[in-house]
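In the UniProt record's numbering, the protein residues as written are 1 to 314. C-beta: ideal position from N, C-alpha, C; glycine also.
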Amino acid sequence: MRVILAPMEGVVDDLMREILSAINPYDLMVTEFVRVVDQLLPEKVFYRICPELQTGGQTLSGTPVRVQLLGQEPNWMAENAVRAIELGSKGVDVNFGCPAKMVNRSNGGAVMLQYPEQLYNVVKAMRDAVPSEQPVTAKIRLGFNDKSLYMENALAIYEAGASELAVHARSKVDGYKPPAYWEYITDINNKLPIPVIANGEIWNRNDAERCMQVTGCDSIMVGRGAISLPNLAAHIKGDAAFSWQQALELMLNYTDRELEGRKSTYYPARIKQWFGYLNRQYDEADELFRELRVYKTAEEIIAVLRQARSKLPD
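Printed below as a string of structure tokens:
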């Protein structure tokens, strides 16, 4: 069984990957997307999205990291895939699932699921350009406006030479609303001879086991669940789920690390965002979030977190 951390734009950056890889046995982590339009991007763009390229393409805990590209022009996608590999990415992934309106309006992400031939052309160009020993993978949803092309899209990506396919079991219009339609992944997994990675509504070990049973996949990808339960991958692989005390200690560790880094000005928004996920798992997080959401400065928020920690047993 493999557990892979999903790319989550604006949520899972290099600091989050570092923190989560230190407490979880993830088999792979995929970056936020690198937007490709009409040029070979400078190296600094890749290093900004994936600083792990400077440490051998892995986190300090040793988890491999794969750069994800988002774009629609085959030649530029291929050239940037080669650059990602040359800089040290552990393979290269392509985003055909992003539901963001701004991305879709510029013909990227999930909007491409309306055009199986275009998916084929992008993956084929990347596969032809990248050394054969390096994986070229893709992530899709079940469709854009509906699910009518889910199998055609999956087959196009396979026939183009993809090494693996991750499938988020919703269409673009489904957004993130439950349920996840795992039965479509079952169909894809039964049809494709390459590994299929199941994604969607995996919040705990029971969800992971049910998903693998339904789909027949032995690889799963977790996204929001990995933020809601910080040690989700470890939990899926047999560890006890983090207690609230452990989760709060992690928030304080994250706080220290975030305030040291280049994105410290975003800390209030980022910590509130994380609490928005934690409250699915912990009632205490919901209570604490209601208290801290009115504050706008890091100092005010840190005081609330430390006060909450002081009330817990040592």
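Please work out which residues of its chain come closer than 7 Å, Cβ to Cβ, to R309, disregarding the five sequence neighbours upstream and downstream, and give them in chain order.
Locating residue 309 in the sequence shown gives position 309, where the first residue counts as 1. L248, L252, listed in sequence order.
Quick check: what's the CA-CA separation for V82 versus Y295?
Sequence index remark: in the sequence shown, residue 82 carries index 82 (1-based). Sequence index remark: in the sequence shown, residue 295 carries index 295 (1-based). Cα-Cα distance, rounded: 45 Å.
Rounded to a whole number of angstroms, what is the C-alpha to C-alpha distance between G143 and V30?
As a first step, residue 143 is located in the sequence shown; it is residue number 143 there, counting from the start. As a first step, residue 30 is located in the sequence shown; it is residue number 30 there, counting from the start. Between G143 and V30, the C-alpha separation is close to 21 Å.
Can you tell me which of the three DSSP states N145 falls into?
Reading the sequence shown from its first residue, position 145 is the one you call residue 145. Three-state result, N145: coil.
Mapping the DSSP letters down to three states, classify V222 as helix, strand or coil.
Translated into the one-based positions of the sequence shown, residue 222 becomes position 222. In this structure, V222 counts as strand in the three-state DSSP scheme.
From which residue to which residue does the beta strand (DSSP E) around F33 run?
Sequence index remark: in the sequence shown, residue 33 carries index 33 (1-based). It spans 28-35 - the beta strand (DSSP E) in which F33 sits, taken as one unbroken run.
Taking the straight line between their C-alpha atoms, what separation do you get for V214 and Q134?
By one-based count along the sequence shown, residue 214 stands at place 214. By one-based count along the sequence shown, residue 134 stands at place 134. For V214 and Q134, the distance between alpha carbons rounds to 30 Å.
Assuming E152 is part of the alpha helix (DSSP H), what are its boundary residues?
For this step, residue 152 is matched to residue 152 along the sequence shown. 150-159 is the extent of the alpha helix (DSSP H) around E152.
In the structure shown, what three-state DSSP assignment does Q68 receive?
On the sequence shown, position 68 is the one that residue 68 refers to. Three-state result, Q68: strand.
Length at least 4, wholly inside the segment 62-112: the alpha helix (DSSP H) runs in chain order
74-87, 101-105
How close, in whole Å, do the beta carbons of L28 and R66 come, if the pair is a contact with beta carbons under 8 Å?
Residue numbering aside, residue 28 sits at position 28 when the sequence shown is read from its first letter. Residue numbering aside, residue 66 sits at position 66 when the sequence shown is read from its first letter. The pair is a contact, with the Cβ atoms about 6 Å apart (cut-off 8 Å).
For A6, which residues from the same chain have a beta carbon less than 7 Å from its beta carbon, with the 5 sequence-adjacent residues on both sides left out?
Locating residue 6 in the sequence shown gives position 6, counting from the first residue. Excluding five sequence positions before and after A6, the CB atoms of its chain that fall closer than 7 Å to its own CB belong to V30, N199, M221, V222, G223, given in chain order.
Just the C-alpha distance for I227 and A208, rounded to the nearest angstrom, thanks.
If you number the sequence shown from 1, residue 227 lands on position 227. If you number the sequence shown from 1, residue 208 lands on position 208. For I227 and A208, the distance between alpha carbons rounds to 15 Å.
I4, DSSP secondary structure in three states:
Sequence index remark: in the sequence shown, residue 4 carries index 4 (1-based). Per DSSP, reduced to three states, the secondary structure at I4 is strand.
Leaving out the 5 sequence neighbours to the left and right, which residues in its chain are closer than 6 Å to R2 when beta-carbon positions are compared?
Locating residue 2 in the sequence shown gives position 2, counting from the first residue. These residues qualify, in order along the chain: D27, S219.
Taking the CB atoms as reference points, tell me whether K139 and S171 lie closer together than 9 Å.
Indexing the sequence shown from 1 puts residue 139 at position 139. Indexing the sequence shown from 1 puts residue 171 at position 171. Contact: no.
In three-state terms, what does DSSP make of I19?
By 1-based counting over the sequence shown, the position of residue 19 is 19. Reduced to three states, the DSSP call for I19 is helix.
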